[in-house]
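Colleague: Oh and the sequence shown: position 432 is 432 in UniProt numbering, straight run, nothing missing. Please see the structure below; I have some questions.
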Amino acid sequence: MADEPALLKPALDENLPEIYAMSLEDWNRMYDLIAATRGLIARDIFALTGHFPDPEDQGPNPRMYRAAFDISTCTLPAGMVIRQKCDIDSIIAIILGNLPLKPNFVFDYFMLADIRHTLNSNLHIPGIVPLHMIPNCRFGEVEGFLIRSFFPGLIGDERLSRQKNKNYVSEEFLRPLYDLAIRQAANNLPGDVSRRFPATFGNEMFRAAGNAQDEAGEAHAGPAQQSAKRIPGQYYPAWMADIQRFVEETPELVWAVGMILVLEKKGMKNIRDSDHLPPEEPLAIDGNLIDPRNSRTRAIRRLLQPFDIEGFEPRRLYLDIATTVSASITVDGEERPVSLFVKTEYHPQIMNHFTGMPINDCELWARTSSGGYSKDEDAHLGSLGGLRHDVREPGELGVENCQVYPTSKDLIYNLNLAHKAKRTSPHKIISNWKTERSTFYIPLQETFLDASPAHDIAIRFESRSEYESYPYIHLFLPLILLAQWLVWMENPIYWGWKWRRTMSINNTLNRFFLCKRRSFIKTSQLQEYASLLIELAYMTNALVNRPDDGGHWNEVHDSACVHQLRGGEAVAIRPLVIFYLHSLIIHQDNLTPPCISSQQTISRQTCLYLCSLKIKFTELTLTYELQGGKLKLIPDNPSHIVGDVWRTVEPQDNHDAQMVTGGPRRGNRQQLVTAELQEEVPDAFEGLLPEPDIQRFPSEEFDPERRVLGDTLSQQVTNIIHTLPIQIFSKVPNKRNGDRSSYSSLGPHDVNFKVFAQTNQPSRIFSSYVDCGYHSERWNATIEAYFPTYERKLRFNNQRTKPQGLSNLAAWKEWEFLMVDASDETRKQMVKLARDYVNQRWTWLPWFTANHLWKTGTVGHGEDPKVAHKGEGEGGPWIIYNPRFRAINAIRG
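This is the structure:
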């Protein structure tokens, strides 16, 4: 009998609308048409999901389509004018011996530390240790060339490991280097040169510091005024040789032995001396120039004029050579510039052409994103984008690195920013949407709109290679290759797409933050809303520069995509080519904030991480911020400290370079106590509380993939009950005597639910406390404060004075969040279940009285005969006991 065919799972998202291929120009027209005929919500859903109604069907339930990006109509036409020009963009040289400075040029030595010149980014040139991983500082300048000194002896130095910037060589090192070596070497210079050098490093610090002082008379740590010490070229070699000799002879400078100099000059592509036409053929045969006066050789010699080129060590001088390709068409007799784009499918051929690496290897690297290759997708357009390739083992051409990119990035390029361009983040959006909208989103929209008539886009092919390779690379590109590699669009099409996409992202975010009912968002809905904000920020940044990728970004990308079965596994695919959201739910009445489907969200932990800046959100704190609340968070755990994940914070200047990273503050004055459970606890009320509805989308009934949903309502109530003791103990008061120590002997990890379950615990925990006895009214009032009814919680919120201590507990706030959208019947169940649960288990509590979570103090004689002070000292927390356990404790006593 033949084997029966295996039952296949249905393909994910099987009932998605039919795909309709369109160019970007068609996309722009469809966007405008939908806005005019269907309204702004339908328009924005189209922009962000690609879904659109049949434009010829104006009925209430039109047939839906999905827009797929098609570039088949964008091939380069006959008659298009293609222009090519070359330039030398950057020069780098590694100096292991002597800098070949010509005698008639001057070396400007800078002696003070300045973090702005510390190299932290990869130069993409070979070495046992990459240069950007070696501590370094500015040493000098020559005619705009920056010369850094690198100290291999400081790699792994413990003093540097405590700094924020571990590459930064501070005054602690530069002071002895100057005093014991550089100044000593200056003594051998002619008098009119040596007198420019201060006697000590401290003298220069005094000169360079500002006059401002604080109230204590201390000088402010602002940036020092840098002053170059000028050394004529004819004296430089002897001066540098003396420095190296003093370093080697001085034990205190052992870390400076083996100092390397690296020369660098960037951004020369716009210098006239840099421009030249691409050679038609190689400029040399077997290393011998055919014409020494060719335009490229002359350009290189002009740029390196301060140096004797032959004096650089072989294979230690590197050039960035670029070819810029631009185009124009003729319309009605007028030549009009147009925009060019690179097809990602031809990346292997481009790498092969510029690096000389085998085409089979290039195809493998492009297919698997390996071998140092990465794709720089253009604005999430999928089939268009540049590339970067760090060549691991350079071939005969000697190319170490190549990149291809459009000049569109020049519009927003900013070298002073962490990611070289303005960016946004969920944290910036959530914390102050009004400001982020006015200072980022609207100006970004306007920038794209204004660029439409003014900016054409050229393509730059750029390589970093050894100096010896320059005659053989970046030759004139045959038009047949460019016709394969490139496509074109008129300028308003591309910029119009960016403008429309940004506008729809802006509008969707604005709908979210203007929706009044976002104050009712629950922690169980966190992923649907946070995922949307993360995806929109991710899509925005992709419009500014290349999309983020790797690590968490892969999850962000994949969670938004359509999923289908490939090889029996659910995988993220992009059948529409352009990156779109899988789903977007926008309600016409805007009574509910926009969100995405609960079936297709980013994981909860990733949501918390990517929405954070400096201090990691918890589920509660992020939900509170999404609701419109504002918190000043103080980390209660080192794991809650995160970095600038989205790279929106500008690099710090040199004042902060040496700051040592410390641990988080601890204490009982946190504005919001967010201490969490150390381990999972079983659901105490499983099946006793109803579950809330989840947001749905049309294709989910065909979707066998199910994400792990958030905790059930019953589990959340259980978690709150078990978290409360931990957070309550975070607010234990301190003594008011001289030592200001805590009344409690328990550390933050010593507390759990059971701390309130043993009657004898207060005498073990507190050095001094007040026994306030077994009183039903006191006990019940405290339990009712911990787990208030919805009406009582509203009264708490409306009080002029909030419950001191209790209102700072995240778990207490979350109790309210759970009740907001629950029905009256569910609220009653929650209150009864929680109160009954703790009443049956807890034997003692701090007495909630006088609106205080922890009431402390002494009790006068005669005030209450049933109140007694216990322990050493005076006063302390007021403790009450569960009357339900009174008889049991009496028997045990």
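For glycine and all other residues, C-beta sits at the position ideal for the given N, C-alpha and C.
Determine whether the beta carbon atoms of G140 and I147 lie at a separation below 8 Å.
Modeller: Closer than 8 Å, so yes.
Colleague: Please classify L119: is it buried, with 16 or more other beta-carbons within 10 angstroms of its beta-carbon, or exposed?
Modeller: Burial call: buried.
Colleague: Which residue's Cα is closest to the Cα of Y65: I82, F46, T75, C74?
Modeller: Nearest C-alpha to Y65: F46.
Colleague: Check the C-beta distance from T621 over to A810 and give it rounded, since I have them as a contact under 8 Å.
Modeller: Sure, about 7 Å apart at Cβ, within 8 Å.
Colleague: Using 8 Å as the threshold, is the C-beta distance between I95 and I260 below it?
Modeller: Yes, these two residues count as a Cβ contact at 8 Å.
Colleague: I'd like to check one pair, W239 with F151: are the Cβ atoms closer than 8 Å?
Modeller: Not closer than 8 Å, so no.
Colleague: Can you look up E701 in the DSSP assignment and give me helix, strand or coil?
Modeller: Unreliable placement is indicated for E701, whose pLDDT of 45 sits below 50; no coordinate value is reported for it.
Colleague: Since C137 sits in a beta bridge, which residues does DSSP pair it with?
Modeller: Beta-bridge pairing links C137 to S149.
Colleague: From D32 to A67, what distance separates their C-alpha atoms?
Modeller: Rounded to the nearest angstrom, the two C-alpha atoms are 14 Å apart.
Colleague: Less than 6 Å between C-beta atoms, sequence neighbours within five positions excluded: which residues of the same chain meet that for S23?
Modeller: Cβ within range, chain order: D70, T73.
Colleague: Of the choices D549, P690, Q225, whose alpha-carbon is the least far from that of W646?
Modeller: The option with the nearest alpha carbon to W646 is D549.
Colleague: Which residue comes first and which comes last in the beta strand (DSSP E) that contains Q84?
Modeller: 81-95 is the extent of the beta strand (DSSP E) around Q84.
Colleague: CA-CA distance, G39 and I505?
Modeller: Rounded to whole angstroms, G39 to I505 spans 15 Å at the Cα level.
Colleague: Flag this pair as touching only if the region 508-527 and the region 369-378 have three or more C-beta atom pairs under 8 Å; answer yes or no.
Modeller: No, because fewer than three Cβ pairs between the region 508-527 and the region 369-378 fall closer than 8 Å, the two stretches do not touch.
Colleague: Can you find at least 3 beta carbon pairs, one from the region 124-137 and one from the region 241-250, that sit closer than 8 Å?
Modeller: No contact exists between the region 124-137 and the region 241-250.
Colleague: Between the region 300-307 and the region 328-341, do at least 3 Cβ pairs fall closer than 8 Å?
Modeller: These segments do not touch.
Colleague: Quick one: grab the DSSP three-state call for A241.
Modeller: Residue state, collapsed to three classes: helix.
Colleague: Given this structure, state the Cα-to-Cα distance separating Q829 from N752, to the nearest angstrom.
Modeller: Taking the straight line joining both Cα atoms gives about 24 Å.
Colleague: Within 8 Å, do at least three Cβ pairs link the region 569-576 to the region 399-412?
Modeller: The answer is no - the region 569-576 does not touch the region 399-412, with fewer than three Cβ pairs under 8 Å.
Colleague: How is T447 classed by DSSP in three states: helix, strand or coil?
Modeller: Three-state result, T447: helix.
Colleague: For Y413, does the three-state DSSP call read helix, strand or coil?
Modeller: DSSP places Y413 in strand when its eight states are reduced to three.
Colleague: Buried or exposed for H557, going by 16 or more other Cβ atoms inside 10 Å?
Modeller: So H557 ends up on the buried side.
Colleague: At the level of alpha carbons, what is the spacing between E313 and Y467?
Modeller: Answer to the nearest angstrom: the Cα atoms are 10 Å apart.
Colleague: Who are the Cβ neighbours of E676 in its own chain at under 7 Å, not counting the five residues just before and after it?
Modeller: Result list for E676: T618, T723, in chain order.
Colleague: Relative to the C-alpha of S730, which candidate in V673, S763, I285, R764 has its C-alpha closest?
Modeller: Of the listed residues, the one whose Cα sits closest to S730 is V673.
Colleague: To the nearest angstrom, report how far apart I459 and P478 are at their CA atoms.
Modeller: Whole-angstrom Cα-Cα distance: 15 Å.
Colleague: Could you have a look at P278 and say whether DSSP puts it in helix, strand or coil?
Modeller: Three-state DSSP puts P278 in coil, outside helix and strand.
Colleague: Within the same chain, show all residues whose beta-carbon is closer than 7 Å to that of P17, passing over the 5 residues directly before and after it, in chain order.
Modeller: Only H51, M64, Y65, R66 meet the Cβ criterion.
Colleague: Considering only C-alpha positions, which residue in the set G144, Q716, G311, D589 is nearest to P100?
Modeller: Here the closest residue by C-alpha is G311.
Colleague: For F466, which of helix, strand or coil comes out of DSSP?
Modeller: Correcting the residue identity first, residue 466 is Glu in this sequence and not Phe. Reduced to three states, the DSSP call for E466 is strand.
Colleague: Below 7 Å CB to CB, which residues in the same chain sit around T826 once its five sequence neighbours on both sides are set aside?
Modeller: Excluding positions up to five away in sequence, the list reads L689, P690.
Colleague: Give the single residue among P394, V391, R392, S374 whose Cα lies nearest to the Cα of G385.
Modeller: G385 has its Cα closest to that of S374, out of P394, V391, R392, S374.
Colleague: Under 6 Å Cβ to Cβ from A560, same chain only, skipping five residues before and after it: list those, please.
Modeller: Excluding sequence neighbours, A560 sits near E535, L581, H582.
Colleague: So S531 packs on I596, CB below 8 Å; how close in whole Å?
Modeller: Correct: roughly 6 Å between the Cβ atoms.
Colleague: Pull the bridge partners of W844 from the DSSP assignment, please.
Modeller: For W844, which the question treats as bridged, DSSP gives the partners Y881.
Colleague: Put A379 into one of helix, strand or coil per three-state DSSP.
Modeller: Here A379 sits in coil by DSSP.
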